[in-house]
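Colleague: Please see the structure below; I have some questions.
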Amino acid sequence: EGGMERHTYDVVVVGAGGAGLRAAIAAHEAGARTAVVCKSLLGKAHTVMAEGGIAAAMGNRWPEDNWEVHFRDTMRGGKMLNNWRMAQLHAQEAPERVQELEDWGALFDRTDDGLISQRDFGGHKYARLAHVGDRTGLEMIRTLQQRTVQLGIDVFMECTVTDLLKDDGKIAGAIGYWRESGRFITFDAPTVILATGGIGKSFKVTSNSWEYTGDGHALAMRAGAALINMEFVQFHPTGMVWPPSVKGLLVTESVRGDGGVLKNSEGKRFMFDYIPEFFKSETADTIEEADRWYDDKKNNRRPPELLPRDEVARAINSEIKAGRGTPHGGIYLDIASRRTPEFIRKRLPSMYHQFKELADVDITAEPMEIGPTCHYVMGGVEVDADTQESAVTGLYAVGECSGGMHGSNRLGGNSLGDLLVFGKRAGEAASAYAASLGDARPVVDEADVKAAQASALAPFEVEGGENPYTIQHDLQQSMNDLVGIIRTGSELEESLREIEVFKERAKTMVVEGHRQYNPGWHLAIDLRNMLIVSEAIAKAALAREESRGGHTRDDFPTTDAEVWGKKNLVVTLNTDGTGVDLHEKPLPVMPDELKKYFD
Ligand code: FAD
């Protein structure tokens, strides 16, 4: 392609969600020439959908709260598989990052004393989520975006990155294409920060939007980095189940934090039957105590509806399987009988409208029907805890596409905190490395640019092949059925066989038409990423022979502290690039001064 568009930067951030924007701001403020590239319009990233809030131990409602309690909650929520250093940094730095958002103009809800309000969420000992009604992500994105634009950071919107470019093992740049024109664009840059979000689109029922095809995960693997924790996928307990067009759409956990309860078709509040040993001492075991907790949190234990997400999702799944589900195959989430219409409309405005408009249900008068939905991937690029650098020099990953911080299960609110804390760290580390290079910067190899273009255009060369939509549809169904919320060895093996078949089918997928705005072609490119990420998830899920956090094995129902509690699974691309290899890795050892919190 003669005269391809080309740009030179110090730091290229791929993704304009909370993680990407925070990283870009930090890189720019550290003096780096910085660009943000994103697949959709600025402001459309997943982060905008976040409802509940940002977990940060600010202590505004509970002076007893501090980073140590938050750290302990995070590790326990992740069933101790988290990278302890990331959990520690996150707990320590989240309050500063929230405060800073406020300094930049974010308008949080307030306590009566005028402090930033904090709400209750599952797995957090104290009310800890800084929030803006149930539209926290919108305010966060608005604030970060405004600052990005004010600072004059270059933004490339509706531009998809397809490959990373290297020189002698180090990052030299990235290549992508404009979605509208289909024209290629190359970035020469010694650092790339991946902030591409999740992988939810590999599953049929998901709260994630079209963008979440695991691009960053796959780009990193293809560049030689490793993924960690990939067997751990979070199924949020409460997604809409009806009407079919919105199946999977999220119903925020705040509904439960604010008093909503789960009931089966017999009207029974069933969560009391599912309190695991691990959380018994801090969970109410009678309805009376659970209800008292909302007004008197000091003298009562938390309701079981606020157990961590994995526990609640499994319980709902069991009730539905046992035949106690609702007409549309869900469970009832009831706040109508417990709070006034005024309270509900004030605290949960988006939920009120979502149900009214999409399902014709008035949540102030009747219960919602909900069920588990694929929501978040704990797994992601394995990075250094302090800098977010991957195994590839110059390649960083941050936010949902990075791994380690959340272990086997993420607590609600801990993602938004993660984006801010590690976004800043990654931006600073990348700009420092770029500055240290002086004139000795890696150089893009033109042969790699050509190869990346040829690979992206390959589906145009095929004649008579299959269209990518059918392959995507079959993959989503397969992942949902075989690698979903409850897993067994035989089904995981079947899933890996099916993925091999999808990979074969994808080799001859064909796209019609031209390169100008061509969604079929875009999907063909995304599908390469979805396939490799799906394989990583299924392989790791098959290997981990225990149940822990977001990974539940029917054939290995217990948590195995002795063997599996001591190791992580790490995934890399195999030598010929056709599939993934799995490795075991001991957990990083927690220092004694932190171990004391878990006695
Ligand atoms: P995202 O915000 O997902 O952004 C990814 C960016 O990468 C986008 O700009 C996208 O265009 C870009 N991108 C992707 N691939 C490419 C590519 N190949 N080339 C160029 N650009 C690319 N977490 C909480 O902590 N609290 C909550 O209350 C909460 N509520 C949630 C509610 C919903 C409905 C959902 C779905 C999630 C919620 N989460 C919540 C989770 C949280 O919102 C996400 O984990 C988080 O926003 C991810 O942010 P991110 O910056 O990593 O990526």
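The opening position of the sequence shown corresponds to residue 759 in the numbering used here, with each subsequent residue numbered one higher.
We put the beta carbon where it would ideally sit given N, CA and C, even for glycine.
At what residues does the alpha helix (DSSP H) containing V1259 begin and finish?
Modeller: 1247-1265
Colleague: So, are the CB atoms of V919 and A1188 less than 8 Å apart?
Modeller: no
Colleague: Measuring straight from C-alpha to C-alpha, what distance separates E759 and V1004?
Modeller: Unreliable positioning characterises E759 in this predicted model, as indicated by a pLDDT of 47, which lies under 50. The coordinate reading is nonetheless provided below. For the pair E759 and V1004, the Cα-to-Cα distance works out to about 42 Å.
Colleague: The alpha helix (DSSP H) spanning G778 covers which residue range?
Modeller: 776-787
Colleague: How about L1064 and G1015: do their beta carbons lie closer than 8 Å?
Modeller: Inclusion of L1064 and G1015 in the CB contact set at 8 Å is warranted, their separation being smaller than that value.
Colleague: Hey, is L973 close to the ligand FAD, as in C-beta under 7 Å from one of its heavy atoms?
Modeller: Note on identity: in this sequence residue 973 is Asp, with Leu being the wrong assignment. True, at least one ligand heavy atom lies under 7 Å from that Cβ.
Colleague: Using the three-state DSSP reduction, which class does Y1090 fall into: helix, strand or coil?
Modeller: strand
Colleague: May I ask you to report which of helix, strand or coil DSSP gives H1272?
Modeller: coil
Colleague: CB of I943 to nearest heavy atom of the ligand FAD: below 7 Å?
Modeller: False, no ligand heavy atom lies under 7 Å from that Cβ.
Colleague: Can you tell which of T869, G895, M762, R834 has its C-alpha closest to the C-alpha of G1171?
Modeller: G895
Colleague: Could you check the C-alpha separation between L909 and L839 for me, to the nearest Å?
Modeller: 38 Å
Colleague: Could you pull out every unbroken alpha helix (DSSP H) segment of at least 4 residues lying fully inside the segment 857-919, listed in chain order?
Modeller: The segment 857-919 contains, as complete alpha helix (DSSP H) runs of 4+ residues, the segments 894-909 (chain order).
Colleague: With burial defined as no fewer than 16 other Cβ atoms inside 10 Å of the residue's Cβ, what is the status of E1046: buried or exposed?
Modeller: exposed
Colleague: Apart from the five residues just before and just after L1174, which ones in its own chain have a Cβ nearer than 8 Å to its Cβ?
Modeller: G776, T805, A808, G811, I812, A813, T894, G895, M898
Colleague: Using the Cα positions of G789 and P948, report the straight-line distance between them to the nearest angstrom.
Modeller: 15 Å
Colleague: With distances taken from CA atoms, which of E860, G958, L977, A774 is nearest G931?
Modeller: L977
Colleague: DSSP three-state label for E759, please.
Modeller: Here the model assigns E759 a pLDDT of 47, short of 50, so the residue's position is not dependable, and the following value carries that caveat. Correct three-state label for E759: coil.
Colleague: Counting Cβ pairs closer than 8 Å, one from the segment 1071-1091 and one from the segment 1116-1135, do we hit at least three?
Modeller: yes
Colleague: Can you tell me where the beta strand (DSSP E) holding G932 begins and where it ends?
Modeller: According to the sequence shown, residue 932 is Ala rather than Gly. Unbroken beta strand (DSSP E) run through A932: 928-936.
Colleague: So, at 7 Å on beta carbons, what are the nonlocal neighbours of M1109 in its own chain, with the 5 sequence-adjacent residues on each side left out?
Modeller: Closer than 7 Å at Cβ, skipping near neighbours: D892, V1009, T1010, V1013, I1121.
Colleague: With the cut-off set at 8 Å, would you say G934 and L952 are in Cβ contact?
Modeller: Contact: no.
Colleague: Is it right to say N966 is buried, meaning 16 or more other beta carbons lie within 10 angstroms of its own, or is it exposed?
Modeller: buried
Colleague: Could you please give the first and the last residue of the uninterrupted beta strand (DSSP E) stretch that includes T1355?
Modeller: It should be noted that the sequence gives Tyr, not Thr, for residue 1355. Neither: Y1355 is in no beta strand (DSSP E) and is coded neither H nor E.
Colleague: When the Cα atoms are used, what is the spatial distance from H994 to E1077?
Modeller: 16 Å
Colleague: How far does the beta strand (DSSP E) with M1126 in it reach, from first residue to last?
Modeller: 1126-1135
Colleague: Within the present structure, is the beta-carbon of M1126 separated from the nearest heavy atom of the ligand FAD by less than 7 Å?
Modeller: no
Colleague: Note down, one range per segment and in chain order, each alpha helix (DSSP H) of at least 4 residues found wholly within the segment 1152-1222.
Modeller: 1172-1194, 1204-1219
Colleague: In or out: N818 buried (at least 16 other Cβ within 10 Å) or exposed?
Modeller: It is buried - the Cβ of N818 has at least 16 other Cβ atoms within 10 Å.
Colleague: Taking the C-alpha atoms as reference points, what is the distance between Q1112 and K1265?
Modeller: 40 Å
Colleague: Leaving out five residues on either side along the sequence, give the residues of the same chain with a beta carbon under 6 Å from the beta carbon of N1287.
Modeller: T971, G972, D973, A976
Colleague: Which residue's Cα is closest to the Cα of A1299: N987, T964, A781?
Modeller: If we check each option's Cα against that of A1299, N987 comes out closest.
Colleague: Going by DSSP, name the residue or residues bridged to H1309.
Modeller: DSSP lists R1306 as partners of H1309.
Colleague: For E1186, which residues from the same chain have a beta carbon less than 6 Å from its beta carbon, with the 5 sequence-adjacent residues on both sides left out?
Modeller: A784, A788
Colleague: Could you give the first and the last residue of the continuous alpha helix (DSSP H) run that contains L1281?
Modeller: 1277-1301
Colleague: Name the DSSP beta bridge partners of V991, please?
Modeller: V1135
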